[in-house]
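Peer 1: Residue numbers (this note's numbering): 1 to 355.
For glycine and all other residues, C-beta sits at the position ideal for the given N, C-alpha and C.
Structure incoming, see below.
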C-alpha cells in the first residue's frame, strides 16, 4: 500500500478533477502490475495496473489507495474491470466520499465474491486524497498556504521591498510543491512587487506548472507582467470585482487570460466565491503563494487547510513587513497539527494540517 501511495503521488497536479490514485497488484508475493491515474484523470490507476498485469491478475490481490469507482463516467466503472480481470481480493485504503461512489464500489466487489478489506494506511490515503475529499464534501479546493519568513518572522523589507529569506534548496522544494497542485494563487500586490513567473522551473518540469490565479479586483495587472506575457505557455486566470472595467476584461481575454467576476466587499474579493468558482473549474488543490495580505485574508476567512512554513536563518529587523498583514504569525497555524519538518540547506520547512 505504501508503494501504491507513492505511485499515486506521481499524478498530483495532473489528474484534476479526478483523484490521483495509485494501485498495485500482487500474486504469490510478486508484484505483477502497478499503475497510477494518468494525466487528465484517465485511465484510472486500477485499469493501468490491470493492463500491466494481464492474465496474472486472475486470483491476485489489488492494493488501491481509494475505493474503485462504481459509476459510469467518461470511462466504465473500475469495479467492473476488477471483477472481469478475476481479482480475488481488494485491499482499499479508504472509502470514496464521492456520493456517486460512497461504498458502492466495495459493495459491487463483494457481490462478485471478491474479498474486500478497507482502511489499510487510511490516514495516509486521506492526506493524499485531501483535494478530492474537499471537492466532494466542501465543494472547494484544499487550500495550502506557503509562506517564507525570516528568523524574526518577517516576509519583506520596510517599504514593502522584497527580499529572499530562504536559499536555493527551499526554492527548488517550492517548485516541486507547485507541480503537485492544480493551481497557484497570488494577489495583485505580489504581481506588481515581484513580477513572479509562478512556474515549476526544475529540469524537465516546466510543463508541470499549474494554472496561475491572480486576485486583481480592479484589473490593474500590466500586460508586461510575466503571468500575462507567458499566458500562452502557462494558463493564467484572473479574478476581479463584478464592478471592474469590461474593456480591461476584453483586453485580457483577447490575450488568452480567463477572467472571472466575483463579489467584493470594501475592495476585497469574496474568497469563498473564488474557491467555489475554482472548484467548478476542476481545481482540487490550491497553493496560496500570495504575500502577507492575501495569506492573512485566507486565515481570517478560515479557509486554510494546510501550511508549508519556510523559515530562513537571517533576520530582517523590526521595520520589516510582518508575514501576516494585521495578524500574528501564530494565527496561521492556530488549531492545526504539526505534521513534521525537514532541513533544506540552512532553512527549515515546517508542515501543518487541519483534520
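Apply the 10 Å Cβ neighbour rule to residue 164 and answer buried if 16 or more other Cβ atoms are within range, or exposed otherwise.
Peer 2: Exposed: under 16 other Cβ atoms inside 10 Å.
Peer 1: On the CB-based measure, 16 or more other CB atoms within 10 Å of its CB, does residue 28 come out buried or exposed?
Peer 2: Per the 10 Å Cβ criterion, exposed.
Peer 1: For residue 117, write down the residues that DSSP places opposite it in a beta bridge.
Peer 2: Answer is 91.
Peer 1: Is the beta carbon of residue 8 sitting closer than 8 Å to the one on residue 20?
Peer 2: Closer than 8 Å, so yes.
Peer 1: Where do the N-terminal and C-terminal ends of the alpha helix (DSSP H) with residue 84 fall, by residue?
Peer 2: Note, residue 84: alpha helix (DSSP H), 78-85.
Peer 1: Restricting to Cα atoms, I'd like to know which of 97, 308, 119, 55 is closest to residue 88.
Peer 2: The residue with the shortest Cα to Cα distance from residue 88 is 55.
Peer 1: DSSP puts residue 321 in a beta bridge; with which residues?
Peer 2: Answer is 156, bridged to residue 321.
Peer 1: So, do the region 122-132 and the region 256-273 have three or more beta carbon pairs nearer to each other than 8 Å?
Peer 2: Touching, no, given that fewer than three Cβ pairs across the two stretches are closer than 8 Å.
Peer 1: Could you tell me whether the region 188-205 touches the region 302-321, where touching means 3 or more Cβ pairs closer than 8 Å?
Peer 2: With the cut-off at 8 Å, the region 188-205 and the region 302-321 do not touch.
Peer 1: Hey, how far is the Cα of residue 141 from the Cα of residue 63?
Peer 2: Those two C-alpha atoms are separated by around 27 Å.
Peer 1: Tell me the rounded alpha-carbon separation between residue 207 and residue 113.
Peer 2: Going from the Cα of residue 207 to the Cα of residue 113 covers about 43 Å.
Peer 1: Taking the Cβ atom as the reference point for each residue, do residue 79 and residue 50 lie within a distance shorter than 8 Å?
Peer 2: Cβ distance not < 8 Å, so residue 79 and residue 50 don't count as in contact.
Peer 1: Express the C-alpha separation of residue 170 and residue 347 in angstroms, rounding to a whole number.
Peer 2: Residue 347 and residue 170: Cα-Cα distance of roughly 7 Å.
Peer 1: Is residue 9 helix, strand or coil by DSSP?
Peer 2: Three-state DSSP puts residue 9 in a helix.
Peer 1: With distances taken from CA atoms, which of 326, 329, 325, 355 is nearest residue 373?
Peer 2: Residue 373 lies beyond the range of the chain shown here (1 to 355); nothing can be said about it.
Peer 1: Between residue 3 and the rest of its own chain, which residues show a CB-CB distance below 6 Å, the 5 nearest in sequence each way excluded?
Peer 2: Once the five neighbours on either side are set aside, the close Cβ partners of residue 3 are 24.
Peer 1: Please report the Cβ distance between residue 181 and residue 215, rounded to the nearest whole angstrom; I am assuming they are in contact, meaning their Cβ atoms lie under 8 Å.
Peer 2: 16 Å between Cβ atoms; not a contact.
Peer 1: In chain order, what residues of the same chain lie with their CB nearer than 8 Å to the CB of residue 117, ignoring the 5 residues before and after it?
Peer 2: Around residue 117: 89, 90, 91, 92.
Peer 1: What is the residue span of the beta strand (DSSP E) that residue 241 lies within?
Peer 2: 236-241 is the extent of the beta strand (DSSP E) around residue 241.
Peer 1: Classify residue 283 as helix, strand or coil using the three-state DSSP reduction.
Peer 2: It is coil, neither helix nor strand.
Peer 1: Is it the case that the Cβ atoms of residue 213 and residue 185 are separated by a distance below 8 Å?
Peer 2: Yes, the pair counts as a contact, with Cβ atoms nearer than the cut-off.
Peer 1: Report the rounded CA-to-CA distance for residue 321 versus residue 194, giving the unit in angstroms.
Peer 2: Looking at the two C-alpha atoms, the distance is approximately 15 Å.
Peer 1: Going by beta-carbon coordinates alone, are residue 370 and residue 85 separated by less than 8 Å?
Peer 2: An answer regarding residue 370 cannot be provided, because it is not within the stretch 1 to 355 covered by the chain.
Peer 1: Can you have a look at residue 334 and say buried or exposed, based on whether 16 or more other CB atoms are within 10 angstroms of its CB?
Peer 2: When all chains shown are included, residue 334 counts as exposed.
Peer 1: For residue 126, which option in 153, 173, 109, 65 has the closest C-alpha, if you only look at C-alpha atoms?
Peer 2: Nearest of 153, 173, 109, 65 to residue 126, Cα basis: 65.
Peer 1: Give the secondary structure of residue 47 by DSSP, where H, G and I count as helix, E and B as strand, and everything else as coil.
Peer 2: DSSP places residue 47 in helix when its eight states are reduced to three.
Peer 1: Measure the CB-CB distance between residue 37 and residue 6 and report whether it falls below 8 Å.
Peer 2: No, the pair does not count as a contact, with Cβ atoms beyond the cut-off.
Peer 1: Which residue wins for smallest C-alpha separation from residue 317, given the options 158, 259, 39?
Peer 2: The shortest Cα separation from residue 317 among 158, 259, 39 belongs to 158.
Peer 1: Can you find the residues in the same chain that come closer than 8 Å, C-beta to C-beta, to residue 282, ignoring five residues on each side of it along the sequence?
Peer 2: If we look at residue 282 and ignore the five residues flanking it on each side, its Cβ neighbours are 16, 17, 182.
Peer 1: On the three-state DSSP scale, how would you describe residue 339?
Peer 2: Note: residue 339 maps to strand in three-state DSSP.
Peer 1: Please state if the CB of residue 247 and the CB of residue 262 are separated by a distance shorter than 8 Å.
Peer 2: Result no, Cβ atoms of residue 262 and residue 247 do not sit closer than 8 Å.
Peer 1: Please determine whether the Cβ atom of residue 146 lies at a distance below 7 Å from any heavy atom of the ligand COA.
Peer 2: Within the structure as shown, the ligand COA is missing, as the structure has no ligands at all.
Peer 1: Note down, in chain order, each residue of its chain lying with its Cβ closer than 6 Å to the Cβ of residue 289, except the 5 sequence neighbours on either side.
Peer 2: 146, 184, 186, listed in sequence order.
Peer 1: Excluding five sequence neighbours on each side, which residues of the same chain lie with their C-beta closer than 6 Å to the C-beta of residue 377?
Peer 2: With the chain covering 1 to 355 only, the question about residue 377 has no answer from this structure.
Peer 1: What's the C-alpha gap between residue 285 and residue 211?
Peer 2: If I take the Cα positions, the gap works out to 11 Å.
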